[in-house]
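Heads up: the sequence shown at position 299 corresponds to 299 in this note's numbering, and the numbers run straight through without jumps. Notes to accompany the following structure.
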Amino acid sequence: MEEHDVIVAGAGMAGSLAATAAAQKGAKVLLLDRNDYSQAGKKTNWGWVCGDAVAKSHIDFIEKELNIKLSSPVLDLKVDGVQVLSPDMQNKFPFEGEGYSLDRPKAAKYFADMAKKAGAEYRTHYEVEGPIIEENKVAGIFGRNEKGEQVRIKAKLVIDALGVASTLRRKLPQNGYIENTVSTDDIESTGRYIMKFEHNGGDINYYDPKNALIHLNQVLAPGGYGWVFPKTGDRINIGVGVEKKSLEVRNERLGKKDTLHSLIDEYVKWNPEIKSYELDPTDSNGKGYWSVTVKRQFDSLVFPGYMGAGDSMAMPNPISAGGIGPAMVAGVLAGEVAGDAVAAKDTGMEKIWEYNVRYNNMYGNKTAALEAFRIYLQSLNNDLINYGMSHFLTKKEAEDISYGRIPKLTIAATFNKVLSGIGNINAFRNLLFTVQKMKRMNELYSKYPGINEFQEWKKTINGEMQEVKEKFKPNPV
Ligand SMILES: Cc1cc2nc3c(=O)[nH]c(=O)nc-3n(C[C@H](O)[C@H](O)[C@H](O)COP(=O)(O)OP(=O)(O)OC[C@H]3O[C@@H](n4cnc5c(N)ncnc54)[C@H](O)[C@@H]3O)c2cc1C
Numbered sequence: 001m002e003e004h005d006v007i008v009a010g011a012g013m014a015g016s017l018a019a020t021a022a023a024q025k026g027a028k029v030l031l032l033d034r035n036d037y038s039q040a041g042k043k044t045n046w047g048w049v050c051g052d053a054v055a056k057s058h059i060d061f062i063e064k065e066l067n068i069k070l071s072s073p074v075l076d077l078k079v080d081g082v083q084v085l086s087p088d089m090q091n092k093f094p095f096e097g098e099g100y101s102l103d104r105p106k107a108a109k110y111f112a113d114m115a116k117k118a119g120a121e122y123r124t125h126y127e128v129e130g131p132i133i134e135e136n137k138v139a140g141i142f143g144r145n146e147k148g149e150q151v152r153i154k155a156k157l158v159i160d161a162l163g164v165a166s167t168l169r170r171k172l173p174q175n176g177y178i179e180n181t182v183s184t185d186d187i188e189s190t191g192r193y194i195m196k197f198e199h200n201g202g203d204i205n206y207y208d209p210k211n212a213l214i215h216l217n218q219v220l221a222p223g224g225y226g227w228v229f230p231k232t233g234d235r236i237n238i239g240v241g242v243e244k245k246s247l248e249v250r251n252e253r254l255g256k257k258d259t260l261h262s263l264i265d266e267y268v269k270w271n272p273e274i275k276s277y278e279l280d281p282t283d284s285n286g287k288g289y290w291s292v293t294v295k296r297q298f299d300s301l302v303f304p305g306y307m308g309a310g311d312s313m314a315m316p317n318p319i320s321a322g323g324i325g326p327a328m329v330a331g332v333l334a335g336e337v338a339g340d341a342v343a344a345k346d347t348g349m350e351k352i353w354e355y356n357v358r359y360n361n362m363y364g365n366k367t368a369a370l371e372a373f374r375i376y377l378q379s380l381n382n383d384l385i386n387y388g389m390s391h392f393l394t395k396k397e398a399e400d401i402s403y404g405r406i407p408k409l410t411i412a413a414t415f416n417k418v419l420s421g422i423g424n425i426n427a428f429r430n431l432l433f434t435v436q437k438m439k440r441m442n443e444l445y446s447k448y449p450g451i452n453e454f455q456e457w458k459k460t461i462n463g464e465m466q467e468v469k470e471k472f473k474p475n476p477v
């Protein structure tokens with residue numbers, strides 16, 4: 001049977017970078033994807049469905065780590081940052097720093113080429129169906145080639161970069177490290193259009209050529225948000241993400257029957273800056289729908305013989321749903337750790353655990369706190385979000401939250417303001433509760449465990465998060 005050091009399944013943002021990093025370390029790497037090269041990284045039949053926005057800090061990281069320099073057309077447009085607007089449009093909070101809009105189809109081809117240049121074998125038209133399991137360890141994969149024939153391939157390590165619907169993760173034996181599925185409460189249904197549009201050019205709260213805009217609005221986008229991200233050439237990436245239960249509650253209370261599809265069309269109509277538009281036909285990527293998880297990444301990213309990176313491990317940021325950056329960072333780290341393990345002739349669990357530790361230090365240690373904040377946010381209606389954004393948090397404190405830092409909440413000062421709006425005191429108390437939980441999560445993650453302490457640690461995290469979930473239920477309108 002065919003055998004490699006490392007199989008990387010999925011040539012998207014995480015996979016091609018994992019293959020590059022492992023091959024740079026000298027491992028014999030096979031990078032597999034179901035798509036043709038012309039469609040590298042295409043997530044579904046709908047296209048490269050994404051908002052395309054990524055923070056500069058993530059681009060800087062991969063450039064440094066892989067010794068590359070990215071530029072146009074992979075990086076389509078540079079922006080100053082992301083601005084989050086309250087439902088009444090009266091408050092605007094900065095979120096993350098400078099960033100780029102990617103050209104996703106071009107970025108994916110560029111990354112796949114990079115993997116090939118580093119020495120990885122890149123095989124297209126291979127549909128991954130599941131892991132080969134031997135003695136409770138992943139020993140390779142099985143799937144079908146372009147002729148529809150079953151092909152089994154073995155490897156010392158398999159890196160799962162198949163995205164949110166991963167056929168590898170779902171078919172792992174039940175185990176205490178990685179769950180097979182994600183609860184629907186932790187998933188956003190999302191969709192977006194890439195459009196060329198004619199705009200009035202007046203109101204930067206609706207279209208800002210220098211900033212990515214996020215509109216919080218529980219009526220327009222229950223349990224999620226709407227976004228308008230600028231691209232070059234009078235184009236925008238505009239979309240909506242919703243949470244299933246929030247949408248159901250909102251529809252029932254408002255007597256409506258909206259779906260994700262109808263909400264995107266409504267959101268486009270709602271935006272006064274869009275005078276007329278046409279979908280961008282390039283790469284048939286103008287319109288698409290797909291899912292994003294908004295929880296912390298799986299508590300462990302490794303299982304014997306197996307490592308996961310990107311959406312397969314639920315890595316998108318729980319409040320922004322930004323998953324490109326984490327996928328790229330994780331891809332590089334997983335590839336590096338796998339390459340080192342192969343070189344050291346030790347691909348055992350103790351050795352690859354280092355990936356868990358490095359990913360947590362680099363990015364993962366803040367996401368449990370952000371998950372708690374996301375659950376709180378989904379329990380607020382528009383009035384409370386408006387009130388909270390003008391009274392509870394300063395811009396600095398909101399920015400702190402977006403980076404996973406615990407806001408100081410100048411409680412005395414804030415409390416005085418709250419007293420003037422006594423009706424909202426519960427929401428304020430709930431914010432205090434959430435901030436305490438965020439602190440607790442960060443403490444737990446600052447002591448990310450070794451293998452032997454992992455199960456106990458995981459139980460504690462799950463218990464803490466369960467309390468947050470029980471306290472806050474979706475309450476959009
Ligand atoms: C509407 C929407 C908007 C988003 N907006 C943003 C944003 O603005 N910024 C941001 O940072 N993130 C955003 N995200 C999230 C981001 O797109 C993902 O986090 C990112 O694509 C994850 O990369 P990945 O490599 O893990 O997976 P993917 O990009 O999904 O790549 C997976 C690859 O695996 C291949 N594959 C899958 N299954 C198989 C199989 N069985 N056999 C063979 N090949 C297979 C696919 O063809 C694909 O090439 C958004 C997501 C959505 C849906």
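Heads up, the beta-carbon is just placed ideally off N, CA and C, and yes, glycines get one too. Small disclaimer: the values here were computed from a predicted structure and weren't measured.
Cα-Cα separation between residue i and residue j, rounded to whole angstroms
i                 : j                 : result
tyrosine 363      : proline 318       : 12 angstroms
valine 357        : glycine 239       : 34 angstroms
tyrosine 207      : alanine 338       : 43 angstroms
alanine 23        : glutamine 39      : 22 angstroms
arginine 152      : glycine 143       : 6 angstroms
lysine 447        : lysine 437        : 16 angstroms
asparagine 386    : asparagine 452    : 46 angstroms
arginine 34       : lysine 231        : 28 angstroms
serine 72         : aspartate 234     : 16 angstroms
proline 476       : isoleucine 68     : 44 angstroms
methionine 13     : isoleucine 324    : 7 angstroms
lysine 471        : lysine 396        : 27 angstroms
glutamate 96      : histidine 261     : 28 angstroms
asparagine 285    : phenylalanine 428 : 43 angstroms
leucine 444       : aspartate 283     : 44 angstroms
lysine 78         : phenylalanine 229 : 11 angstroms
proline 222       : phenylalanine 392 : 21 angstroms
alanine 412       : threonine 394     : A caution first: alanine 412 carries a pLDDT of 45, below 50, which makes its placement in the model unreliable, though a value can still be read off. Their backbone Cα atoms lie some 13 angstroms apart in a straight line.
valine 54         : glycine 224       : 18 angstroms
proline 474       : isoleucine 204    : 30 angstroms
glutamate 179     : glycine 201       : 47 angstroms
alanine 112       : leucine 31        : 9 angstroms
alanine 398       : asparagine 382    : 17 angstroms
glutamine 218     : valine 84         : 14 angstroms
leucine 70        : threonine 434     : 39 angstroms
glutamine 150     : alanine 118       : 28 angstroms
glutamate 127     : valine 468        : 39 angstroms
tyrosine 100      : alanine 327       : 15 angstroms
alanine 27        : leucine 157       : 11 angstroms
arginine 374      : alanine 368       : 10 angstroms
phenylalanine 197 : serine 276        : 6 angstroms
proline 272       : histidine 199     : 8 angstroms
valine 249        : isoleucine 264    : 18 angstroms
glycine 463       : lysine 366        : 17 angstroms
Which listed residue (the options) has its alpha carbon closest to that of residue i
i              : options                           : result
glycine 331    : Lys351, Tyr359 and Val342         : Tyr359
threonine 184  : Glu243, Glu252 and Arg170         : Glu243
glycine 348    : Lys28, Asn361 and Tyr306          : Tyr306
lysine 210     : Leu172, Ala334, Asp80 and Leu279  : Asp80
methionine 114 : Trp270, Asp103, Ala21 and Gly99   : Ala21
lysine 56      : Thr44, Asp76 and Ala372           : Asp76
lysine 137     : Ala120, Gly148, Thr124 and Tyr177 : Tyr177
lysine 116     : Ala372, His199, Phe93 and Gly15   : Gly15
leucine 432    : Phe454, Gln174, Leu409 and Gly450 : Leu409
alanine 9      : Gln378, Gly335, Lys351 and Ile264 : Gly335
leucine 66     : Leu279, Val329, Leu380 and Met465 : Val329
Supposed close pair residue i, residue j - CB separation, criterion 8 angstroms
i              : j                 : result
alanine 314    : phenylalanine 298 : 6 angstroms
glycine 140    : alanine 161       : Not quite, the Cβ-Cβ distance comes to about 16 angstroms (not below 8 angstroms), so this is no contact.
lysine 64      : valine 182        : Rounded, the Cβ-Cβ distance is 31 angstroms, inconsistent with contact.
alanine 309    : isoleucine 132    : The pair is not a contact, with the Cβ atoms about 20 angstroms apart (cut-off 8 angstroms).
tyrosine 355   : asparagine 430    : Not really, about 36 angstroms apart at Cβ, beyond 8 angstroms.
threonine 293  : isoleucine 187    : 6 angstroms
isoleucine 59  : leucine 17        : Wrong, their Cβ atoms sit about 12 angstroms apart, outside the cutoff.
tyrosine 479   : glycine 226       : Outside the displayed span of the chain (1 to 477) sits residue 479, for which this structure offers no information.
methionine 441 : phenylalanine 93  : Actually they do not touch by this definition, with Cβ atoms about 21 angstroms apart.
histidine 125  : glutamate 146     : 4 angstroms
arginine 169   : serine 379        : Arginine 169 to serine 379, Cβ: 29 angstroms. No contact.
The region 394 to 404 contacting the region 100 to 119, beta-carbon criterion three pairs below 8 angstroms: no
At least three beta-carbon pairs within less than 8 angstroms, the region 36 to 53 to the region 189 to 202: Cβ pair count under 8 angstroms is three or more, so yes.
Three-pair Cβ contact test at 8 angstroms for the region 86 to 93 versus the region 5 to 14: Contact fails: fewer than three Cβ-Cβ distances are below 8 angstroms.
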